[in-house]
Each structure stands twice: as C-alpha cells, then as structure tokens.
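In this text, residue positions in the sequence shown follow UniProt numbering: the first is 1, and each later residue adds one.
A quick write-up on the structure given underneath.
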Amino acid sequence: MVQFWNPAYSCFTFGDVDLVPTLEENMTLLRCPRIQGYKACVRPASLLTFTKKLVMITGMSEQWAVARVQQKGDSKCIPWAVLRDLISMHPDVKKRVDVLALSIYGMVIFPKALGHIDEAVADLFDRLGKQNTPVPKILAETIRSLSACRRAGEGRFIRWTQLLLVWFHSHFWKLDKNLREEDVMWKAPWLVPSEILCRYSSFDWVPLPGIWGVVGYTPLLVLRQYRARQFIPATQGLAQSDFSYKRDHYKKRIREISEAWKKPFCMKILTEGSTSTLEYKGWFTRRVNDNVPRPILGVARPLEESL
C-alpha cells in the first residue's frame, strides 16, 4: 500500500485517483466533538522533562521514574512492561486508568520503539484534557510515516494501522492496479460535513503539527471525498512543508504555525456529486508525482495484505 503514497502531494494516488484521510473523516471515526474540531495542541518551545511528566501521570516518585526511563535512538522512553505492572498493582484506580490510556496511545496510536512508550506521547497525553484534540496529530504522524517509508523505498507503516484500514474500507474493498474513478466510493457513507477546514492564515494548505514533526495537508486536493466538485488546488510549498522537531530552527517555524492555527479558513460544502473540472483533469495529467506509477499488484487483493 505504501507504494501508492505520493509524498509530493501528501495523498494516495491510484492511477488517476487521489485519496487522503481527511481531518473530518478522522474526527467522525474517532467521535471527536465538533467544538474541538479545529483546535490542536501545537508543541511549545519548552517542555517539562519526561521524568516529571511520568511523575504527574503515574503518581509515582521521581526516583522511580528516573530509574526506569531508557534511551532509544534519539529520544527517551519507558518500557511497556513497567507500565503494565503499574496497571495491575497501582493503589489509585484513576492512575491505573491513566497509565492504561497512556499505554494505548504509545503502543497502538503512536508506536515508535517496539515495546516502549516514547516521551513525545507522554507530552501529548498530559495535555489532552485541556480542550485539545489528538486528531490532527494522529493524521500528521500517519502522513509523515507514509512519506518516510515511500522516500526511503523500504520499511513498513507502523502508525495506527487499524484506523487507516477502516478509512480504506470506507472508500473501496479491493485494491486493483486498474482502479478507476467509478470504482471509488468517494464520500464515506458515515460522513456528513457541512463545511471543511481548507487552510490556515497565509498558508495555502493546512500545516499539521504531529508529536514528532509537522507536515502539510491539502483537503482541497480531495474535494470529491466531500461530494464537491474538484478544482485545481493550491499546493505551492507543500512538498517542503515536512520537518521534524529535531531540526535546527524548528522552534521559529513552530511559533509561525501556532499563530497560523489561530486563523482557520473553512469552506461551505455545496454537494454537486464527485465530479471534476476540465482544468483539474489537465492539471492532473501534467503534474509530476513522487510515487512510482507501476504497482506490483497483479490482481485485486484485500487491503490488509497490502499494508
């Protein structure tokens, strides 16, 4: 499935069909309250240490946390086995639930090092109760992981695979190398949007902050998923939008994105059927894609076998 991901446009490209998991689709699947829909916790310039976050979440002592934090690659983490023991033995029932939830976020939604929960997950978890939604971060890290695998030419998608499969099954059941527009269920049957978030501030697209980096997302590229007429989207600068929080000068860019998220621009949906303009069709045939248009699939295959 990763071979169909197109990093230049942050979307799947199947022949002459573009599809991407949208914020609205993910919000609906995860039952995210609409009032929180366009609020995301953008990574601040300074953070509490991972140890102090663990103390706050688990209720254990700082000495306990220091003794159990490990270094994996370029970040700190805590073994799942340690949290598993807390879930069964902690005297505070609320803390048991918090530790279980943290483990689900770190092992299922944002996995990184096998069998460990990354420090960035603890930072997100600590702020979830402050009228923030994790949906933009889930979508951002899904896109970043797909792009990283595609550009490397190898690797396996390791983010929330189950959520991605549910999204795929909402649009088609089989993946065929000869996929055509008429084979796609453009609008998921459970999605009823009245408007979509299309961009922020001076950006022509949506800068999505993840827990390890930022990536650009262009909902105007897939208007047919809302049963709206597809026109040529603005994509200038999209291919250069991806950056990690480990790069130099990332804090300045984060401040810009944090300010941009205060000025969302939404577009009302006028249902016209999943059609496209002639100008869009011409633009699509001329554009240069980053994915290789020669799928290795000889026959239609279940999606679970393709991830």
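Here a beta-carbon is modelled for each residue, glycine too, at the ideal position from N, C-alpha and C.
Quick caveat: nothing in here was measured; it's all calculated off a predicted structure.
Going along the chain, which residues of its own chain have a beta-carbon closer than 7 Å to the beta-carbon of Ile-257, five neighbours each way excluded? Position 257 of the sequence shown holds residue 257. Around Ile-257: Val-42, Pro-207, Pro-209 and Val-214.
Based on Cα-Cα distance, which residue from Phe-157, Gln-240, Leu-278 and Ser-194 lies nearest to Phe-231? In the sequence shown, counting from the first residue as 1, residue 231 sits at position 231. Looking at the Cα atoms, Leu-278 is the closest of the given residues.
Buried or exposed: which applies to Pro-189, given that a residue is buried once 16 or more other Cβ atoms fall within 10 Å of its Cβ? Along the sequence shown, read from residue 1 onward, the residue named residue 189 stands at position 189. Around the C-beta of Pro-189, fewer than 16 other C-beta atoms lie within 10 Å, and the residue is accordingly described as exposed.
Out of Ile-57, Gln-3 and Val-17, state which residue places its alpha-carbon closest to the alpha-carbon of Trp-283. Counting from one through the sequence shown, the residue named residue 283 turns up at place 283. For Trp-283, the closest alpha carbon among the candidates Ile-57, Gln-3 and Val-17 is that of Val-17.
Can you tell me where the beta strand (DSSP E) holding residue 326 begins and where it ends? Look at the range of the chain in this structure, 1 to 307, and you will see that residue 326 is not part of it.
Quick check: Asp-123 and Cys-77, are their CB atoms within less than 8 Å of each other? Indexing the sequence shown from 1 puts residue 123 at position 123. Indexing the sequence shown from 1 puts residue 77 at position 77. No, the Cβ-Cβ distance between Asp-123 and Cys-77 is not below 8 Å.
Thinking C-alpha only, which one of Lys-281, Pro-219, Ser-103 and Gly-237 is nearest Ala-57? Start at 1 with the first residue of the sequence shown, and residue 57 comes out as number 57. The amino acid at residue 57 is misidentified as Ala; the sequence shows Ile. Comparing C-alpha distances from Ile-57 to each of Lys-281, Pro-219, Ser-103 and Gly-237 shows the shortest one belongs to Ser-103.
Quick one: using the 10 Å Cβ neighbour count with 16 as the cut-off for buried, is Ile-35 buried or exposed? If you number the sequence shown from 1, residue 35 lands on position 35. Only weak support is given to the placement of Ile-35: the predicted model assigns it a pLDDT of 46, under 50, and the value that follows is read from those uncertain coordinates. Under this definition Ile-35 is an exposed residue.
Does the region 217–237 come close enough to the region 7–27 that 3 or more CB-CB pairs lie under 8 Å? Yes: the two stretches touch, three or more of their Cβ pairs being nearer than 8 Å.
Could you say if the region 105–120 and the region 89–97 meet the contact criterion of at least three C-beta pairs nearer than 8 Å? Taking a cut-off of 8 Å on C-beta distances, the region 105–120 does not touch the region 89–97, as fewer than three cross pairs fall below it.
Could you say which of Leu-30, Trp-5, Cys-32 and Leu-197 lies nearest to Leu-19 if we only look at CA atoms? On the sequence shown, position 19 is the one that residue 19 refers to. Among Leu-30, Trp-5, Cys-32 and Leu-197, the Cα nearest to that of Leu-19 belongs to Trp-5.
Residue ranges of each alpha helix (DSSP H) within the region 69–97, 4 or longer: Correct list: 80–89.
Please name the residue, chosen from Thr-271, Cys-149 and Tyr-280, that lies closest to Val-2 on a Cα-to-Cα basis. The count along the sequence shown starts at 1 and reaches residue 2 at position 2. Closest in alpha carbon position to Val-2, among Thr-271, Cys-149 and Tyr-280, is Cys-149.
Would you report the Cα separation of Asp-32 and Pro-136, rounded to the nearest angstrom? What you label residue 32 is simply residue 32 of the sequence shown in a count that begins at 1. What you label residue 136 is simply residue 136 of the sequence shown in a count that begins at 1. With the sequence shown as reference, residue 32 is identified as Cys, and Asp is not the correct amino acid for it. Each residue's alpha carbon lies about 11 Å from the other.
Cut-off 6 Å between Cβ atoms - residues of its own chain near Ala-152, not counting five sequence neighbours on either side: Your numbering for residue 152 matches position 152 in the sequence shown. Around Ala-152: no qualifying Cβ.
Per DSSP, Asn-6 forms a beta bridge with which residues? Residue mapping note: residue 6 aligns to position 6 of the sequence shown, counting from 1. Asn-6 is bridged to Cys-11.
In this structure, what does DSSP give as the bridge partners for Ser-276? Counting from 1 along the sequence shown, the entry for residue 276 is found at position 276. Gln-230, per the DSSP bridge assignment.
Looking at the structure shown, is Ile-269 part of a helix, part of a strand, or coil, going by DSSP? As a working mapping, residue 269 is identified with position 269 in the sequence shown. In this structure, Ile-269 counts as coil in the three-state DSSP scheme.
Out of Tyr-280, Val-99, Arg-253 and Ala-81, which one is the CA nearest neighbour of Gly-115? In the sequence shown, the residue the question calls residue 115 occupies position 115. Nearest Cα to Gly-115 within the set Tyr-280, Val-99, Arg-253 and Ala-81: Ala-81.
Quick check: the region 257–269 against the region 191–206, are at least 3 beta-carbon pairs closer than 8 Å? Yes: at least three Cβ pairs fall under 8 Å.
Quick one, which of Trp-212, Gln-162 and Ile-269 has its alpha-carbon nearest Leu-30's? Position 30 of the sequence shown, counted from the start, is the residue given in the question as residue 30. Checking every option, the nearest Cα to that of Leu-30 belongs to Gln-162.
Going by CA-CA distance only, name the one from Ile-158, Ile-269, Gln-236 and Gln-71 that's closest to Leu-191. Within the sequence shown, residue 191 is the residue found at index 191, counting from 1. If we check each option's Cα against that of Leu-191, Ile-269 comes out closest.
Distance, Cα to Cα, Val-184 vs His-169? Translated into positions along the sequence shown, residue 184 becomes position 184. Translated into positions along the sequence shown, residue 169 becomes position 169. If you take the alpha carbons of Val-184 and His-169, they lie about 10 Å apart.
Reference Lys-246, options Lys-53, Ala-65, Gly-73 and Val-66, closest by Cα: As a first step, residue 246 is located in the sequence shown; it is residue number 246 there, counting from the start. Considering only alpha carbons, the answer is Gly-73.
Using the beta-carbon count (16 or more within 10 Å), is Leu-48 buried or exposed? The residue given as residue 48 occupies position 48 in the sequence shown. By the 16-neighbour rule on beta-carbons within 10 angstroms, Leu-48 is exposed.
Could you tell me the distance, in whole angstroms, from the CA atom of Ser-241 to the CA atom of Val-121? Locating residue 241 in the sequence shown gives position 241, counting from the first residue. Locating residue 121 in the sequence shown gives position 121, counting from the first residue. Between Ser-241 and Val-121, the C-alpha separation is close to 22 Å.
By Cβ distance below 7 Å, which residues in the same chain neighbour Phe-243 in space, the five residues on each side in sequence not counted? Residue numbering aside, residue 243 sits at position 243 when the sequence shown is read from its first letter. Once the five neighbours on either side are set aside, the close Cβ partners of Phe-243 are Gly-213, Val-214, Tyr-250 and Arg-253.
N- and C-terminal bounds of the alpha helix (DSSP H) containing Asp-123: Looking up residue 123 in the sequence shown gives position 123. Membership of Asp-123 in the alpha helix (DSSP H) is indicated by the continuous run 119–126.
Three-way DSSP call (helix, strand, coil) for Asp-248 in this model: Mapped onto the sequence shown, residue 248 falls at position 248. DSSP places Asp-248 in coil when its eight states are reduced to three.
Ile-196: first and last residue of the uninterrupted beta strand (DSSP E) it sits in: Walking along the sequence shown from the start, residue 196 turns up at place 196. Boundaries of the beta strand (DSSP E) harbouring Ile-196: 195–200, taken from the DSSP string.
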